[in-house]
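For reference, the structure is listed below as structure tokens.
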Amino acid sequence: MRTLCPNKSVCGSCTLSDLPYQDQLNYKLNEINNFIKNKDLGITKIKKIIPSPQTDHYRNRMDYAISYRGEVGLKQKGKWWKIIDGHTCFIADSQIEKMFFTFRDWVKASDLSFYDRRSHLGLLRYVSIRSTTLGETMVTVVTNPPMDKKEENKFLQKINELKNKSKVTSLIWGINSSLADTSTSEKIIPITKRDHIIENINSHTYKITPNSFFQTNPYAAKILQDHVNTYVKEQKNNTLLDLYCGSGFFTIGAGQYAKNLIGVETIQEAVDDANWNKKQNNITNINFLHNKSEEINLNKTKADIIIVDPPRTGLTKNLIDNLMKTDIRQIIYISCNYQKFADDAYLLSQKYKMKEIRAIDMFPHTPHVEIVSLFTN
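This is the structure:
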């Protein structure tokens, strides 16, 4: 038995890491098929999982919590208030691992107060580190709002000292006043000139900003995008509607294969990034809308193909109802939660036929897997 994680007994992130990689794939395949076979979807079995091209150091984002004692690392399994001090992760990109220690040392030596998750007092909450295959890095130091001007000035002094000695592409101060224990920032203050980093997937350029979602495994993301485009190519001169489009990962990728494309996203920052991506990639046949996917009149879009890539909670009842009332040639459903996917697929199968389902291992060493499926009318 191999042990890649020195803290596996207390960290719950990579629960399959003791298994050889092929055994991990076999385990996931069996789990997925157990859910599918009981749903009467027309397809009872996935024959294989497409492996990730890279299984270690693939993850391009890590959020490290800061404890009230100044410990910096990942949280202990089942103990949200306890931090594994100094614990990086072998699935994190190597750039992130190296940068982690620089920022951990800075936190401990900063003479700034640390956030207490019980009392909700203290300044420093999280250090979020992101990287790209182009060698760019972004660090967001997430804090409580400063108590007063003195604390604000002290923090700015310390973080600017850090900027001058670190080699980070983009350094961000993120402020989060919420009681929720999250690394998301309500207010973004760039410390460096750059407020973003750049990734390239399948010859397309993507802007990544502090709060934006981006595929966490860029190596397998290329495969995922290719499989989606395989389905898009089946319909000639089509209109494609991409719901929950985020910053346009699938919309941009499919730009050359569809006549017209519409991306719908509820977060304005993501829509802004998507429009930047569209311009940067010289794509003129995409229109990004700031709206809830559930509120879009599907018939008015005249879409031939709909892509849905919802959060882990799956499709909402309203959206499923709308899809059932609309005659769409193809629905491409992408999911990182195969249990919820199976539930949604059963509902969709009352009108649409599930023609194909594929599994891609976007998350080696974890129980998670990405599903790509094609429904036809």
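Residue numbers for the sequence shown follow numbering that gives the first Met the number 0, so the first one is 0 and each next one is one higher.
Just so you know, even glycine gets a beta-carbon here, dropped at the ideal spot from N, CA and C.
Status (buried if at least 16 other CB within 10 Å, exposed otherwise) for residue i
{"i": "L260", "result": "buried"}
{"i": "S93", "result": "exposed"}
{"i": "H119", "result": "exposed"}
{"i": "D343", "result": "buried"}
{"i": "L373", "result": "buried"}
{"i": "M98", "result": "buried"}
{"i": "P144", "result": "exposed"}
{"i": "L133", "result": "exposed"}
{"i": "K74", "result": "buried"}
{"i": "F100", "result": "exposed"}
{"i": "G77", "result": "exposed"}
{"i": "N298", "result": "exposed"}
{"i": "M61", "result": "buried"}
{"i": "R103", "result": "buried"}
{"i": "D241", "result": "buried"}
Separation of residue j from residue i, as counted between CA atoms
{"i": "M0", "j": "K7", "result": "With a pLDDT of 47 at M0, under the threshold of 50, the predicted position of this residue should be treated as unreliable, though the coordinate-derived value follows. M0 and K7: Cα-Cα distance of roughly 13 Å."}
{"i": "G69", "j": "T14", "result": "27 Å"}
{"i": "L3", "j": "K354", "result": "39 Å"}
{"i": "F340", "j": "Y57", "result": "25 Å"}
{"i": "Q53", "j": "S130", "result": "15 Å"}
{"i": "V138", "j": "S112", "result": "19 Å"}
{"i": "Y230", "j": "I370", "result": "14 Å"}
{"i": "K291", "j": "L347", "result": "20 Å"}
{"i": "G41", "j": "Y345", "result": "10 Å"}
{"i": "T43", "j": "I285", "result": "36 Å"}
{"i": "G422", "j": "A269", "result": "Because the chain spans 0 through 376 in this model, residue 422 falls outside it and cannot be assessed."}
{"i": "F249", "j": "W79", "result": "34 Å"}
{"i": "I35", "j": "L28", "result": "11 Å"}
{"i": "N280", "j": "A253", "result": "12 Å"}
{"i": "V140", "j": "R124", "result": "8 Å"}
{"i": "H367", "j": "N336", "result": "7 Å"}
{"i": "T215", "j": "K235", "result": "31 Å"}
{"i": "T168", "j": "Y63", "result": "19 Å"}
Inter-residue CB distance, residue i and residue j (contact presumed, cutoff 8 Å)
{"i": "K164", "j": "L170", "result": "Not a contact, Cβ separation roughly 11 Å."}
{"i": "V106", "j": "I65", "result": "6 Å"}
{"i": "P309", "j": "Y20", "result": "Going by Cβ atoms, the distance from P309 to Y20 rounds to 28 Å, so no, they are not a contact pair."}
{"i": "G72", "j": "I90", "result": "Not quite, the Cβ-Cβ distance comes to about 14 Å (not below 8 Å), so this is no contact."}
{"i": "D115", "j": "K206", "result": "About 35 Å separates the two Cβ atoms, so there is no contact after all."}
{"i": "I330", "j": "V307", "result": "7 Å"}
{"i": "N152", "j": "S184", "result": "Between S184 and N152 the Cβ distance is about 20 Å, and since that is not below 8 Å, they are no contact."}
Note to self: So, does the region 355–368 touch the region 11–30, judging by three or more C-beta pairs under 8 Å?
What the structure shows: Because the criterion of three Cβ pairs below 8 Å is met, the region 355–368 and the region 11–30 touch.
Note to self: Extract the residue ranges of the alpha helix (DSSP H) inside the region 0–86, only unbroken runs of 4 or more that lie entirely within it.
What the structure shows: The qualifying runs are 20–35.
Margin query: Ignoring anything shorter than 4 residues, give me the alpha helix (DSSP H) runs that lie fully in the region 135–170, in order along the chain.
Written below: With a minimum length of 4 residues, the continuous alpha helix (DSSP H) runs that stay inside the region 135–170 are 148–164.
Item checked: Ranges of the alpha helix (DSSP H) found wholly within the region 244–310, counting only runs of at least 4 -> Fully enclosed alpha helix (DSSP H) runs of 4 or longer: 248–252, 267–279 and 297–300.
Note to self: I'd like to know if the region 264–277 and the region 307–325 are in contact, where contact means that at least 3 CB-CB pairs between them fall below 8 Å.
What the structure shows: At 8 Å Cβ cutoff, the stretches do not touch.
Check: Can you find at least 3 beta carbon pairs, one from the region 220–238 and one from the region 189–196, that sit closer than 8 Å?
Finding: They do not touch, by the three-pair rule.
Check: Enumerated in chain order, which unbroken segments of the beta strand (DSSP E) with a length of 3 residues or greater are wholly contained in the region 180–251?
Finding: As far as the region 180–251 is concerned, its whole beta strand (DSSP E) runs of at least 3 residues are 186–189, 196–200, 203–207 and 238–242.
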